[in-house]
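One structure is given below, encoded as structure tokens.
2 protein chains.
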Amino acid sequence: MDFDVLKPLLISGNKEKIVLLVMDGLGGLPMEPGGKTELEAANTPNMDRLAETSELGLHEGIRVGITPGSGPAHLSLFGYDPLKYVVGRGALSALGIDFDLRDDDVAARGNFCTVDEDGRITDRRAGRISTEAGERLCALLNEKVSIPGVEVFLRPVKEYRFLLVIRGEGLRAVIAETDPQVVGEKPLLAKALNPDSAKAAEIVQEFVRQAEKILADEHPANMLVLRGFAQIPDWPKFPEAFGLKSIAIAMYPMYRGVAKLVGMDSPPAAHDYDEEIDLLEANWDKYDFFFVHIKKTDSFGEDGNFEKKVEEIEKVDALIPRILALDPSVLIITGDHSTPCVMKKHSWHPVPVLLHARTCRPDGVSSFGERACLQGGLGVRFPAYELMPLALAYAGRLEKFGA
Amino acid sequence: MDFDVLKPLLISGNKEKIVLLVMDGLGGLPMEPGGKTELEAANTPNMDRLAETSELGLHEGIRVGITPGSGPAHLSLFGYDPLKYVVGRGALSALGIDFDLRDDDVAARGNFCTVDEDGRITDRRAGRISTEAGERLCALLNEKVSIPGVEVFLRPVKEYRFLLVIRGEGLRAVIAETDPQVVGEKPLLAKALNPDSAKAAEIVQEFVRQAEKILADEHPANMLVLRGFAQIPDWPKFPEAFGLKSIAIAMYPMYRGVAKLVGMDSPPAAHDYDEEIDLLEANWDKYDFFFVHIKKTDSFGEDGNFEKKVEEIEKVDALIPRILALDPSVLIITGDHSTPCVMKKHSWHPVPVLLHARTCRPDGVSSFGERACLQGGLGVRFPAYELMPLALAYAGRLEKFGA
Numbered sequence: 099m100d101f102d103v104l105k106p107l108l109i110s111g112n113k114e115k116i117v118l119l120v121m122d123g124l125g126g127l128p129m130e131p132g133g134k135t136e137l138e139a140a141n142t143p144n145m146d147r148l149a150e151t152s153e154l155g156l157h158e159g160i161r162v163g164i165t166p167g168s169g170p171a172h173l174s175l176f177g178y179d180p181l182k183y184v185v186g187r188g189a190l191s192a193l194g195i196d197f198d199l200r201d202d203d204v205a206a207r208g209n210f211c212t213v214d215e216d217g218r219i220t221d222r223r224a225g226r227i228s229t230e231a232g233e234r235l236c237a238l239l240n241e242k243v244s245i246p247g248v249e250v251f252l253r254p255v256k257e258y259r260f261l262l263v264i265r266g267e268g269l270r271a272v273i274a275e276t277d278p279q280v281v282g283e284k285p286l287l288a289k290a291l292n293p294d295s296a297k298a299a300e301i302v303q304e305f306v307r308q309a310e311k312i313l314a315d316e317h318p319a320n321m322l323v324l325r326g327f328a329q330i331p332d333w334p335k336f337p338e339a340f341g342l343k344s345i346a347i348a349m350y351p352m353y354r355g356v357a358k359l360v361g362m363d364s365p366p367a368a369h370d371y372d373e374e375i376d377l378l379e380a381n382w383d384k385y386d387f388f389f390v391h392i393k394k395t396d397s398f399g400e401d402g403n404f405e406k407k408v409e410e411i412e413k414v415d416a417l418i419p420r421i422l423a424l425d426p427s428v429l430i431i432t433g434d435h436s437t438p439c440v441m442k443k444h445s446w447h448p449v450p451v452l453l454h455a456r457t458c459r460p461d462g463v464s465s466f467g468e469r470a471c472l473q474g475g476l477g478v479r480f481p482a483y484e485l486m487p488l489a490l491a492y493a494g495r496l497e498k499f500g501a
Numbered sequence: 099m100d101f102d103v104l105k106p107l108l109i110s111g112n113k114e115k116i117v118l119l120v121m122d123g124l125g126g127l128p129m130e131p132g133g134k135t136e137l138e139a140a141n142t143p144n145m146d147r148l149a150e151t152s153e154l155g156l157h158e159g160i161r162v163g164i165t166p167g168s169g170p171a172h173l174s175l176f177g178y179d180p181l182k183y184v185v186g187r188g189a190l191s192a193l194g195i196d197f198d199l200r201d202d203d204v205a206a207r208g209n210f211c212t213v214d215e216d217g218r219i220t221d222r223r224a225g226r227i228s229t230e231a232g233e234r235l236c237a238l239l240n241e242k243v244s245i246p247g248v249e250v251f252l253r254p255v256k257e258y259r260f261l262l263v264i265r266g267e268g269l270r271a272v273i274a275e276t277d278p279q280v281v282g283e284k285p286l287l288a289k290a291l292n293p294d295s296a297k298a299a300e301i302v303q304e305f306v307r308q309a310e311k312i313l314a315d316e317h318p319a320n321m322l323v324l325r326g327f328a329q330i331p332d333w334p335k336f337p338e339a340f341g342l343k344s345i346a347i348a349m350y351p352m353y354r355g356v357a358k359l360v361g362m363d364s365p366p367a368a369h370d371y372d373e374e375i376d377l378l379e380a381n382w383d384k385y386d387f388f389f390v391h392i393k394k395t396d397s398f399g400e401d402g403n404f405e406k407k408v409e410e411i412e413k414v415d416a417l418i419p420r421i422l423a424l425d426p427s428v429l430i431i432t433g434d435h436s437t438p439c440v441m442k443k444h445s446w447h448p449v450p451v452l453l454h455a456r457t458c459r460p461d462g463v464s465s466f467g468e469r470a471c472l473q474g475g476l477g478v479r480f481p482a483y484e485l486m487p488l489a490l491a492y493a494g495r496l497e498k499f500g501a
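This is how it looks when you write it as structure tokens:
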């Protein structure tokens, strides 16, 4: 959906509330041909009862046949076509470790690497140094690097990988990577790819010069390379795009980060499902839109633990009465992608959706599961980014188009 | 559908006839959760029998979640994506009151308003004068305004609202509105927004000067403002776009007007359903495509009168044998949008469609209703503008694409 189409239709002053409950990796497959999926095997009396007065269907996160990563899958659920709204790798790295990236910040992904006496790379991953070693080197660089007029932040990610953020006024990040991607070459210069980025490129290059000296005795991590230079994207945000004051309730930084990108507030992490619903209740009067994220369904999918994934779905089912007690105008229950236990990874299979609202048209479906959703009123294999316009419609938040 | 794709595929000389029967606001909702919609509640033996050898589905007029106005909804049924084919407000006004707008005409919506002795607007709606008063003022202006070389038409719409049409050679209508949209300001000049529109803007300004004098003693309607300057859009029309000589049979001017925009002929209004079918029969040999519009299903939807809407659907069902007796190659029965009685207004819910033709593939659906259509062969939530290519295909009017 084009935001330009929706914007003139938004009704201001509407107070109807929308809840988007996302069970990560919800979609599944049977372990045996013809068997039940995780969602079908789960005992979900609350969601099944809700299904009777809801509309159901199956969405696709990116495009047919494409297995979604978590970032783009969530963008799609938030109404942003992930093929049009692309987040730079550096910015994604920042989101993933809960770094508070600001508007003019330039972020990049970094690797510690090994260079020989001529400065040529001999190992692009510095012998896969430990996470602890990576943390120590980041601390060292944070302490010693000094560039007038800018702040430089090094943050460890995992093993040899780190995040670099440069904070200064008017910085732009269209900069070529310094990683030559092969051994035997020297790290490349951080070259500005447009005139606006010249200042940032110069600062990055100064950072690299200083880092080279500071790391000189830290073999095998005696150098670093940078790529994925990026900034916070300048997208229409939830308040302008949808007229929604929004909050993300999630236990993992990645999901709060993606939600922040689209203009949602995000309180500190909850520690379990009950705390998530506590946060929902505590913030009910302050927001219009509530994104609640459940992580473990995906984790058990990746582990291939069918029983545990079923159990997590059942735990979420038990939360439904607390959510319904708040009387949301629209409640959407879905996943961001499928993570079938039998595959132990994300998959391209469409994801079950249940949309509950007062003005739902009966579709004759009375349980929440993949096979049942095939018969639902929302249809099969529709783009996930259609859910937001639907949510706005069912919440009565959109005017008629044309006379 | 892109007209450029269809055009080279059109088969000339094909005489297969297509009927598009539109029940305005057909789609509905149950009054009680889980109950029947208006169409499901209606006793429709003819349409149900037809369903057995038809393909069914549900279309969306504009885009997911968007509630269609009648104009864009009909454009979509006629095969024109209403986000690409936008009609200016002035032209729409002309259509709505059956004004015969011609190619070079410039149309605008007008308001009578009140100005003080300095010419500043004190009431943008002239105290909401009566429709009769508006009619009298339009007649007065029609009589007294005189601009050499052009014709000026004033037509009352309702209360303080009127239509202005200027007819002259080579007029173009990219002109800024004269309505400042706030009180306390003087009406603005009618400014040409491109060089081609300079002539029309000058004529409009001369009209405003004369009107100001003629209305001087008509307080509270002692001035007027104009907006929505527009012309008939230059779109591909039915004969070229689809190879169809087409006729619109409708009781209300708005629908005949939209049909005229896409190149349909439109005889004077019928007064009831039987007269509509009389017109269909009388014109059967002269046209390829017949758009038949039924208004009251929408009116009773807007009134919230479930029983009456059901009754209207049953009346339309009773017309089906007369239509089938003409042996159309393709008969499509649908609505332009949903108008659920329980909502008393247009809604975004998908609209049931029945497409009947000799080459329909059985989809196992044997009644015409929202739930039944979910199982139909045409699919769920497809764009309404896909119906025209389907109609052409089922009429055997399209060549194969490629070798």
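Chains D and X supply the protein sequences, listed in that same order. Using my numbering, the first residue of the first sequence is number 99, and each one after it goes up by one. Using my numbering, the first residue of the second sequence is number 99, and each one after it goes up by one. The C-beta atom is built at its ideal place from N, Cα and C for all residues, glycine as well. Everything numeric in this text was worked out from a predicted model, so none of it was measured.
- Within chain D, no C-beta atom comes less than 7 angstroms from the C-beta of X:V356; the nearest is roughly 11 angstroms away.
- Using a Cβ-Cβ distance cut-off of 8 angstroms, the stretch 196 to 206 of chain D and the stretch 329 to 338 of chain D are in contact, since at least three pairs of beta carbons, one from each stretch, lie closer than that value.
- With contacts defined by Cβ atoms closer than 9 angstroms, X:E412 and X:T142 form a contacting pair.
- Of D:Q308, D:G399 and D:V414, the smallest CA-CA separation from D:K443 is found for D:G399.
- Under the DSSP assignment, X:C439 falls outside any alpha helix (DSSP H); it carries neither an H nor an E label.
- In the DSSP assignment, D:D370 falls outside any beta strand (DSSP E) and carries neither an H nor an E.
- Per the Cβ contact rule, the stretch 225 to 232 of chain X is not in contact with the stretch 168 to 180 of chain X (fewer than 3 Cβ pairs under 8 angstroms).
- Check the Cα spacing between D:D461 and each of D:T276, D:L108 and D:G155: the tightest is with D:G155.
- Between D:V120 and D:P426, the C-beta gap is not smaller than 9 angstroms, which leaves the two residues out of contact.
- Contact with chain D is found for X:E468, since one of that chain's Cβ atoms lies less than 9 angstroms from the residue's Cβ.
- For D:D179, the closest Cβ of chain X is not nearer than 9 angstroms.
- If you look at D:F398, you'll find it in the alpha helix (DSSP H) that goes K394 to D401.
- Beta-bridge partners of D:T212 (DSSP): D:D221.
- Shown here for X:E150: same chain residues with a beta carbon closer than 6 angstroms to its own, the five before and five after excluded, namely S464 in chain order.
- The Cβ of X:L190 sits closer than 9 angstroms to at least one Cβ of chain D.
- Around D:K358, the same chain offers S364 as residues with beta carbons nearer than 6 angstroms, after the five sequence neighbours per side are excluded.
- Only residues of its own chain outside the window of five on either side were considered, and among them G467, E468 and R469 have a CB closer than 7 angstroms to the CB of D:E138, listed in chain order.
- Counting only Cβ-Cβ distances below 8 angstroms, D:T432 has no contacts in chain X at all, with the closest Cβ about 15 angstroms away.
- In terms of Cβ geometry, X:T135 and D:R459 form a close pair [threshold 9 angstroms].
- Looking at the DSSP output, X:V120 shares a beta bridge with X:H391 and X:T432.
- The Cβ atoms of D:C236 and D:V323 do not sit closer than 9 angstroms to each other.
- Secondary structure at D:R459: coil, using DSSP grouped into helix, strand and coil.
- Close CB contacts of X:W382 within its chain, under the 6 angstroms cut and outside five residues either way in sequence, are with L424 (chain order).
- Around X:G167, the beta-carbon contacts reaching into chain D at under 8 angstroms are K498, F499, G500 and A501.
- Straight-line spacing of the CA atoms in D:I301 and D:G355 works out to 26 angstroms.
- Around the Cβ of D:F251, a 10 Å sphere holds 16 or more other Cβ atoms; the residue is buried.
- According to the DSSP secondary-structure assignment, D:M321 is paired through a beta bridge with D:C211.
- Below the 7 angstroms Cβ cutoff, chain X contributes no neighbours of D:L472, its closest Cβ being approximately 10 angstroms away.
- X:H157 carries a strand assignment under DSSP once its states are collapsed to helix, strand and coil.
- Under DSSP, X:T165 takes part in a beta bridge, and its partners are D:K498.
- In the same chain as X:W446, and ignoring 5 residues on each side of it, the C-beta atoms closer than 7 angstroms to its own belong to G163, I164 and T165, in chain order.
- Non-local C-beta neighbours of X:R226 in its own chain, meaning closer than 7 angstroms and more than five positions away in sequence, comprise E257 and Y258, ordered along the chain.
- Contact annotation for D:D425 against chain X: no contact, minimum CB-CB distance about 15 angstroms [criterion: below 8 angstroms].
- The three-state reading of DSSP puts X:H444 in coil, since its state is none of H, G, I, E or B.
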